[in-house]
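Heads up: the sequence shown is residues 2 to 218, going by our numbering.
Just so it is clear, CB atoms sit at the ideal spot from N, CA and C, and this is done for glycine as well.
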Amino acid sequence: MNAFEFFFSFYGLVLSLSLATLAAGLVRALKRRRSMKMGWLTPLLAVYVALDITTFWVGAWADFRTAPFSYGLIVLSLAIALAYFLAATLVFPDADEEPAHLDAHFWTNRRTVLLLIILSNVLGYAASMLVGWVQEGPALAIFGTVVVAVPFLLLTIPAAFTRRRWLFATLIGLQVIFYLASAALLAWNPAWGSPGDDAPAVSSDASGEARSQAPAP
2 MNAFEFFFSF
12 YGLVLSLSLA
22 TLAAGLVRAL
32 KRRRSMKMGW
42 LTPLLAVYVA
52 LDITTFWVGA
62 WADFRTAPFS
72 YGLIVLSLAI
82 ALAYFLAATL
92 VFPDADEEPA
102 HLDAHFWTNR
112 RTVLLLIILS
122 NVLGYAASML
132 VGWVQEGPAL
142 AIFGTVVVAV
152 PFLLLTIPAA
162 FTRRRWLFAT
172 LIGLQVIFYL
182 ASAALLAWNP
192 AWGSPGDDAP
202 AVSSDASGEA
212 RSQAPAP
């Protein structure tokens, strides 16, 4: 196991716990469907959070696989993953909570959930830009980050603060459609979203010096 594989196994474990938490919350809600109305706001939020976590997971593989391994990278990744985990725990009510309608829980927690999602993505953008700054130069790093970050923030920030159902559904629904369309296109042609399997993997030796390892033929 090289340094990147060690890092990504740790990172992926925490992110997978977030997805497991969402799934467990959905199961609880389905079991209570006779006594608790689900509505559509919470399921839409859950789908969005799950897709955003998955997209970020894939992006981390592409962005960090050539980054030098360091304790700082581990700490930053932990902060991102924990923010996602906290967001996932708030999407559905806990086992000891029994609201009459999931919408009540949604309106209480949706702002916190989306702000945590924004925090995770902003930290990820910062990390990705730093890696790109070193490998591609500042101009490309800044441009690439802005192209991705600006649409995300323009859609997610208003969704976090609006009290209008239709506006929330439009803003989050557009992102869900984009994620699903991207998944369909990449399933049809995986080469379009290849994380760069031919790129050299970076690992660290015992003295902390980073070295590049060429992929096996």
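Nearest candidate by alpha-carbon position, reference L79, set D97, W58, E98
Residue mapping note: residue 79 aligns to position 78 of the sequence shown, counting from 1. Among D97, W58, E98, the Cα nearest to that of L79 belongs to W58.
Contact between the segment 100-110 and the segment 62-73: three or more CB pairs below 8 Å?
no
Cross-strand partners of K38 (DSSP beta bridge):
As a working note, residue 38 is residue 37 in the sequence shown. DSSP, once it has assigned bridges, lists H102 as partnering K38.
Distance check for P69 and D206, CA to CA, integer angstroms please.
Here the question's residue 206 lines up with position 205 in the sequence shown. Here the question's residue 69 lines up with position 68 in the sequence shown. Here D206 scores only 41 on pLDDT, less than 50, and its place in the model should not be relied on; the value that follows carries that caveat. Near 11 Å, if we compare the C-alpha coordinates of P69 and D206.
Contact set for V48: own chain, Cβ-Cβ below 8 Å, skip 5 residues either direction
Indexing the sequence shown from 1 puts residue 48 at position 47. If we look at V48 and ignore the five residues flanking it on each side, its Cβ neighbours are V177.
For L27, which option in A182, D95, L83, S71 has the closest C-alpha, if you only look at C-alpha atoms?
Here residue 27 is taken as the residue at index 26 of the sequence shown, counted from 1. Comparing Cα-Cα distances from L27 to each of A182, D95, L83, S71, the minimum goes to D95.
Taking the straight line between their C-alpha atoms, what separation do you get for S121 and R165?
For the purposes of this step, residue 121 is taken as the residue at position 120 of the sequence shown. For the purposes of this step, residue 165 is taken as the residue at position 164 of the sequence shown. Cα to Cα, S121 sits roughly 25 Å from R165.
Taking the alpha-carbon positions, what's the R33 to F93 distance?
For the purposes of this step, residue 33 is taken as residue 32 along the sequence shown, with counting starting at 1. For the purposes of this step, residue 93 is taken as residue 92 along the sequence shown, with counting starting at 1. Straight-line Cα distance between these residues: approximately 12 Å.
Straight-line CA distance for G138 to F162?
Along the sequence shown, read from residue 1 onward, the residue named residue 138 stands at position 137. Along the sequence shown, read from residue 1 onward, the residue named residue 162 stands at position 161. Distance between the alpha carbons of G138 and F162 is about 36 Å.
Select from M39, Y180, L16, I119 the residue whose C-alpha is nearest the C-alpha of A160.
Taking the sequence shown and counting its residues from 1, the one referred to as residue 160 is at position 159. Closest option to A160, Cα to Cα, is I119.
Are there three or more Cβ pairs, one per stretch, closer than 8 Å when the segment 139-148 is compared with the segment 16-30?
Cβ pair count under 8 Å is below three, so no.
Taking DSSP as the reference, what is the three-state secondary structure of T55?
On the sequence shown, residue 55 is found 54 positions in, with the first residue counted as 1. For T55, the secondary structure class from DSSP, reduced to helix, strand or coil, is helix.
Taking T146 as part of the alpha helix (DSSP H), name the residues at either end of that continuous run.
The residue you call residue 146 lines up with position 145 of the sequence shown. T146 -> alpha helix (DSSP H) spans 139-162.
Neighbourhood of A150 by C-beta, 6 Å cutoff - its chain only, sequence neighbours within 5 removed:
As a first step, residue 150 must be located in the sequence shown, where it is residue number 149. Answer for A150: Y126, listed in chain order.
Which residue's Cα is closest to the Cα of A101: T171, S36, L175?
Residue mapping note: residue 101 aligns to position 100 of the sequence shown, counting from 1. The option with the nearest alpha carbon to A101 is S36.
In angstroms, rounded to a whole number, what distance separates the CA positions of A82 and A170?
Taking the first residue of the sequence shown as position 1, residue 82 is located at position 81. Taking the first residue of the sequence shown as position 1, residue 170 is located at position 169. Rounded to whole angstroms, A82 to A170 spans 25 Å at the Cα level.
Outcome for Y85 when other beta-carbon atoms lying within 10 angstroms are tallied against a minimum of 16:
As a working mapping, residue 85 is identified with position 84 in the sequence shown. Classification of Y85: buried, given that the 10 Å Cβ count is 16 or more.
Could you check what DSSP says for N190 in three-state terms: helix, strand or coil?
Mapped onto the sequence shown, residue 190 falls at position 189. DSSP places N190 in the coil class of the three-state scheme, outside both helix and strand.
Under the assumption that L52 contacts Y180 (Cβ atoms under 8 Å), give the Cβ distance between them as a whole number of angstroms.
Along the sequence shown, one-based indexing puts residue 52 at 51. Along the sequence shown, one-based indexing puts residue 180 at 179. The pair is a contact, with the Cβ atoms about 4 Å apart (cut-off 8 Å).
Closest by CA to D97, which one among A30, G174, F11?
Position 96 of the sequence shown, counted from the start, is the residue given in the question as residue 97. Closest by alpha carbon: A30.
State buried or exposed for G73, treating a residue as buried only when at least 16 other CB atoms are found within 10 Å of its CB.
Walking along the sequence shown from the start, residue 73 turns up at place 72. Counting Cβ neighbours within 10 Å, G73 comes out exposed, since fewer than 16 surround it.
On the DSSP letters alone, give me the boundaries of the alpha helix (DSSP H) that A96 sits inside.
In the sequence shown, counting from the first residue as 1, residue 96 sits at position 95. In the DSSP annotation of this structure, A96 is not part of any alpha helix (DSSP H), being labelled neither H nor E.
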